[in-house]
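Below is one structure, written out as structure tokens; the observations come after it.
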Amino acid sequence: MTDDKDVLRDVWFGRIPTCFTLYQDEVTEREAEPYYLLLPRISYLTLVTDKVKKHFQKVMRQEEVSEIWFEYEGTPLKWHYPIGLLFDLHASNTALPWSITVHFKNFPEKDLLHCHSKDVIEAHFMACIKEADALKHKSQVINEMQKKDHKQLWMGLQNDKFEQFWAINRKLMEYPPEDSGFRYIPFRIYQATTERPFIQKLFRPIASGGELHTLGDLLKDVCPSAITPEASGARLQTTEPQHICAAEVSVKATRSTNFLSDAGSL
Amino acid sequence: MSCSMAGEEDFVLEEKRFKQYCEEFIKRSQQIGDGWEWRTSKDLGDGYLSKTHYQVRNRKIPPDLKEKNHDNCEQMLCTHVEESLDDSQAAGVCATEVIHYEYHVLYSSSYRVPVLYFRACFLDGRPLTLDEIWKSVHACYQACLLEGPWDTITQQEHPILGQPFFVLHPCRTNEFISSVLSSSRKHDRHINYITLWLSTVGPVVGLNLPMSYAKLAPEQDTNDDSVERQRVEPHEAGRSAQAPSSAFGLGHLNTADLGVHKF
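As you go down the protein sequences, you meet chains H and W in turn. The opening residue of the first sequence carries number 1 in full-length UniProt numbering; numbering runs sequentially from there. The opening residue of the second sequence carries number 1 in full-length UniProt numbering; numbering runs sequentially from there.
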């Protein structure tokens with residue numbers, strides 16, 4: 001895994017230049033200037049936009065401000081999806097910076113989860129980590145960790161501390177030498193066109209004959225419609241970092257056919 | 001009969017088996033008119049159990065819900081008899097609220113257990129907040145919930161519909177399920193996993209299974225009519241003064257034997 005550290009760092013430090021604009025119908029006391037920010041791909045909107053909130057609240061009256069939410073071209077953005085995933089799903093074919101509209105009223109209850117505090121984000125993040133480990137290690141590794149290790153994972157993400165995060169995460173990315181990989185690969189396939197938010201199924205890293213599975217095998221198995229002659233040349237933006245490292249899959253797709261096992265070793 | 005946690009075989013629920021239990025559960029639900037149905041997703045053919053019901057509750061305004069926790073475990077917001085108002089509350093107003101509940105049971109392939117999703121809204125469409133949901137949790141479970149609310153009920157995206165729902169966390173399901181199922185197998189009784197599981201976790205979030213889900217005879221395929229005639233009048237399990245008991249009919253085994261578990 002150490003020889004992949006460059007890739008790990010590239011993924012961790014990926015950024016999307018974003019322009020935040022206040023929704024025109026919000027009531028302001030002065031004109032609201034747009035706010036520019038580099039968003040970390042691996043983080044969550046509500047975790048990294050305190051400055052955005054402060055900036056716009058400065059020109060608004062207290063009573064006009066309730067829970068913040070974000071929208072892109074009319075689509076409410078799900079804060080519980082990683083930022084990189086949101087961008088890939090909705091705006092990857094448009095020019096940078098990514099233009100996001102900021103709202104403080106009329107929270108879309110039917111579309112978005114509430115996010116009243118950082119605790120909600122932490123609970124969501126940890127739930128994803130735990131579910132991923134249920135697939136990789138039958139939850140043995142995550143359950144053996146102490147609460148302070150869980151906390152360190154979260155703080156690493158929250159404070160953008162690569163080393164702090166990976167000191168713990170590397171344990172979640174190991175498997176015993178006698179096994180050739182995780183029990184199942186934690187993955188989710190998102191498509192902007194479906195009502196179903198994502199496809200998630202049990203998928204082993206090793207085929208019955210002992211060969212390592214590839215991304216192509218995975219797609220053929222769980223999402224064959226994504227593999228069409230026209231689509232084969234398209235860039236792959238398939239996985240949500242349910243576990244941070246699954247993000248590597250899209251980076252390594254061009255490097256090797258055995259990347260699924262590589263993703264497991266990242 | 002005691003149920004020890006250690007040494008019990010972990011019962012793994014495969015998705016196919018989950019669907020079979022659901023089918024059986026639906027048949028029973030139809031027989032007794034309990035309103036459950038199966039919904040299949042259009043794209044991948046997976047599906048889930050679904051039920052809606054309306055809950056009527058009387059609310060004092062302003063409500064002081066903490067007081068009621070010390071009383072018996074009667075569901076605090078579902079009283080049909082008004083408690084007497086003391087002088088300080090005499091000025092309060094009583095309002096009847098109707099809440100529309102929607103319950104879904106989905107299968108989690110990650111945890112290999114069923115998961116209970118639900119959402120609730122007032123008739124005007126206003127959804128209940130997570131806070132209001134936590135407060136309406138059955139008084140008996142409040143202690144468990146207070147230890148770690150983030151481990152039990154949270155808001156999540158429905159994996160098939162993509163909309164916000166509340167979820168009862170599945171991490172601990174296997175612990176209590178395994179112990180009961182392995183003892184039932186020793187006695188050669190057929191237990192419907194869904195009935196067992198739902199009758200245990202459902203009451204936490206206001207979902208009660210009528211006692212008639214219980215099978216009175218080990219062989220339930222034949223003579224369903226005679227079983228019907230013998231059954232006890234269905235009643236809401238949650239209305240009793242004790243902790244809601246599992247509605248699957250093993251008379252000598254109740255929730256006290258299962259111990260107190262974090263869901």
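Built from N, CA and C at the ideal position, the CB exists for glycine as well.
What I want to know is whether the C-beta of residue i ends up closer than 7 Å to one or more non-hydrogen atoms of the ligand GDP.
{"i": "TRP36 (chain W)", "result": "The ligand GDP is not part of the structure shown, which contains no ligands of any sort."}
For residue i, does the three-state DSSP call read helix, strand or coil?
{"i": "LEU218 (chain H)", "result": "helix"}
{"i": "TYR193 (chain W)", "result": "helix"}
{"i": "VAL204 (chain W)", "result": "helix"}
{"i": "ASP87 (chain W)", "result": "Low confidence applies here, because ASP87 (chain W) scores a pLDDT of 47, under 50, leaving its location unreliable; read the following figure in that light. The answer is helix: DSSP assigns ASP87 (chain W) an H, G or I state."}
{"i": "CYS19 (chain H)", "result": "strand"}
{"i": "GLN163 (chain W)", "result": "coil"}
{"i": "ASN254 (chain W)", "result": "Because ASN254 (chain W) carries a pLDDT of 36, less than 50, the predicted location of this residue cannot be relied on, and the following value inherits that uncertainty. Reduced to three states, the DSSP call for ASN254 (chain W) is coil."}
{"i": "GLU157 (chain W)", "result": "strand"}
{"i": "PRO127 (chain W)", "result": "strand"}
{"i": "residue 282 (chain H)", "result": "The first residue shown for chain H is 1 and the last is 266, placing residue 282 (chain H) beyond what the model contains."}
{"i": "ILE227 (chain H)", "result": "coil"}
{"i": "ILE185 (chain H)", "result": "coil"}
{"i": "LEU181 (chain W)", "result": "helix"}
{"i": "LEU168 (chain W)", "result": "strand"}
{"i": "LEU212 (chain H)", "result": "strand"}
{"i": "CYS78 (chain W)", "result": "Caution is warranted here: a pLDDT of 39 is assigned to CYS78 (chain W), below 50, making its placement in the model unreliable, and the coordinate value is therefore given only provisionally. In the structure shown, CYS78 (chain W) sits in coil (DSSP, three-state: anything other than H, G, I, E or B)."}
{"i": "GLN230 (chain W)", "result": "For GLN230 (chain W), the predicted structure reports a pLDDT of 38, less than 50, and the residue's modelled location is therefore unreliable. The matter cannot be settled from this model."}
{"i": "PHE13 (chain H)", "result": "coil"}
{"i": "VAL7 (chain H)", "result": "helix"}
Candidates the options: which alpha carbon is nearest residue i's?
{"i": "THR96 (chain W)", "options": "W:LEU198, W:ARG185, W:SER179 and W:ASN58", "result": "W:ASN58"}
{"i": "HIS104 (chain W)", "options": "W:TRP134, W:GLY47, W:CYS140 and W:ASP131", "result": "W:GLY47"}
{"i": "LYS42 (chain W)", "options": "W:ILE160, W:THR52, W:SER199 and W:TYR213", "result": "W:ILE160"}
{"i": "PRO82 (chain H)", "options": "H:GLU178, H:ASP179 and H:GLN158", "result": "H:GLN158"}
{"i": "GLY74 (chain H)", "options": "H:GLU67, H:PHE56, H:ARG61 and H:SER99", "result": "H:SER99"}
{"i": "HIS90 (chain H)", "options": "H:TYR72, H:HIS80, H:SER43 and H:LEU37", "result": "H:TYR72"}
{"i": "GLU109 (chain H)", "options": "W:LEU116, W:ILE99, W:GLN156 and W:GLU37", "result": "W:GLN156"}
{"i": "ASP221 (chain H)", "options": "H:LYS78, H:ILE189, H:TRP79 and H:GLN146", "result": "H:ILE189"}
{"i": "GLN164 (chain H)", "options": "H:LEU153, H:LEU8, H:GLU131 and H:GLN62", "result": "H:LEU153"}
{"i": "THR46 (chain H)", "options": "H:LEU37, H:LEU215 and H:ILE68", "result": "H:ILE68"}
{"i": "GLN200 (chain H)", "options": "W:SER109, W:PRO170, W:TRP134 and W:HIS187", "result": "W:SER109"}
{"i": "ARG17 (chain W)", "options": "W:VAL56, W:GLN31, W:VAL113 and W:SER178", "result": "W:VAL113"}
{"i": "ARG170 (chain H)", "options": "H:ILE185, H:ILE142, H:PHE187 and H:GLN191", "result": "H:ILE142"}
{"i": "ALA134 (chain H)", "options": "H:TYR36, H:GLU211 and H:LEU202", "result": "H:LEU202"}
{"i": "TYR35 (chain H)", "options": "H:PRO197, H:LEU172 and H:GLN57", "result": "H:GLN57"}
{"i": "ILE177 (chain W)", "options": "W:VAL115, W:SER212 and W:VAL205", "result": "W:VAL115"}
{"i": "GLY210 (chain H)", "options": "H:ASP217, H:GLY216 and H:SER180", "result": "H:SER180"}
{"i": "TYR213 (chain W)", "options": "W:GLN31, W:GLY125, W:PHE118 and W:SER179", "result": "W:GLN31"}
{"i": "GLU31 (chain H)", "options": "H:LYS54, H:LEU8, H:VAL59 and H:ARG9", "result": "H:VAL59"}
{"i": "PRO186 (chain H)", "options": "H:ARG196, H:LYS78 and H:ARG204", "result": "H:ARG204"}
{"i": "THR28 (chain H)", "options": "H:GLN62, H:VAL120 and H:LYS118", "result": "H:GLN62"}
{"i": "LEU8 (chain H)", "options": "H:PHE162, H:LYS53 and H:PRO197", "result": "H:PHE162"}
{"i": "GLU64 (chain H)", "options": "H:GLU144, H:ASP25 and H:SER92", "result": "H:ASP25"}
{"i": "LYS147 (chain H)", "options": "H:ILE168, H:THR49, H:ASP4 and H:ASP88", "result": "H:ILE168"}
{"i": "ARG196 (chain H)", "options": "W:VAL12, W:LEU44, W:SER29 and W:TRP38", "result": "W:LEU44"}
| query | Which full runs of the beta strand (DSSP E) of 3+ residues lie inside the region 91-124 of chain W, going along the chain? | reply | Taking 3 residues as the minimum length, the beta strand (DSSP E) runs contained wholly in the region 91-124 of chain W are 93-108 and 113-122, in order along the chain.
| field | Uninterrupted beta strand (DSSP E) stretches inside the region 32-112 of chain H (no shorter than 3 residues) | value | Listed in chain order, the beta strand (DSSP E) runs fully inside the region 32-112 of chain H are 35-40, 69-72 and 98-103, counting runs of at least 3 residues.
| Just checking, does the region 155-167 of chain W make contact with the region 103-116 of chain H on the three C-beta pairs under 8 Å criterion? | Yes, the region 155-167 of chain W is in contact with the region 103-116 of chain H.
| request: Decide if the region 135-149 of chain H is in contact with the region 90-108 of chain H; the criterion is three or more beta carbon pairs, one per stretch, under 8 Å apart. | output: Taking a cut-off of 8 Å for Cβ pairs, the region 135-149 of chain H and the region 90-108 of chain H do not touch, as fewer than three such pairs fall below it.
| query | Which residues, in chain order, does the region 188-206 of chain H contribute to contact with chain W at a C-beta distance below 9 Å? | reply | Of all residues in the region 188-206 of chain H, those with a C-beta nearer than 9 Å to a C-beta of chain W are THR194, GLU195, ARG196, PRO197, PHE198, ILE199, GLN200, LYS201 and LEU202, reading in chain order.
| request: Note down, one range per segment and in chain order, each beta strand (DSSP E) of at least 3 residues found wholly within the region 16-60 of chain W. | output: Those beta strand (DSSP E) runs which fall completely within the region 16-60 of chain W and span 3+ residues are 37-40.
| Residues in the region 34-52 of chain W having any Cβ partner in chain H nearer than 9 Å | Within the region 34-52 of chain W, the qualifying residues are SER41, LYS42, ASP43 and LEU44.
| said: By the 9 Å beta-carbon criterion, what residues does the region 128-153 of chain H contribute toward chain W? | reply: Within the region 128-153 of chain H, the qualifying residues are LYS130, GLU131, ALA132, ALA134, LEU135 and SER139.
| Just by C-beta distance, which residues in the UniProt domain "Autophagy protein ATG5 UblA" (11-104) of chain H are closer than 8 Å to chain W? | Within the UniProt domain "Autophagy protein ATG5 UblA" (11-104) of chain H, the residues whose Cβ lies closer than 8 Å to some Cβ of chain W are LYS78 and HIS80, listed in chain order.
| request: Closer than 9 Å, Cβ to Cβ, to anything on chain H: give me those residues from the region 157-170 of chain W, in chain order. | output: Result list: GLU157, HIS158, PRO159, ILE160, LEU161, GLY162, GLN163, PRO164 and HIS169.
| field | chain H contacts made by the region 97-125 of chain W, where a contact means CB separation under 7 Å | value | Those would be SER109, SER110 and TYR111, in chain order.
| task | Would you check if the region 189-208 of chain W and the region 16-34 of chain W touch, i.e. whether three or more CB-CB distances between them fall below 8 Å? | result | Because the criterion of three Cβ pairs below 8 Å is met, the region 16-34 of chain W and the region 189-208 of chain W touch.
| How about the region 36-49 of chain H and the region 11-26 of chain H: do they share at least three Cβ pairs that are nearer than 8 Å? | A contact is defined here as three or more CB-CB pairs under 8 Å, and the region 36-49 of chain H meets this definition with respect to the region 11-26 of chain H.
| According to a CB-to-CB cut-off of less than 8 Å, which residues of the region 127-139 of chain W neighbour chain H? | Result list: PRO127, THR129 and LEU130.
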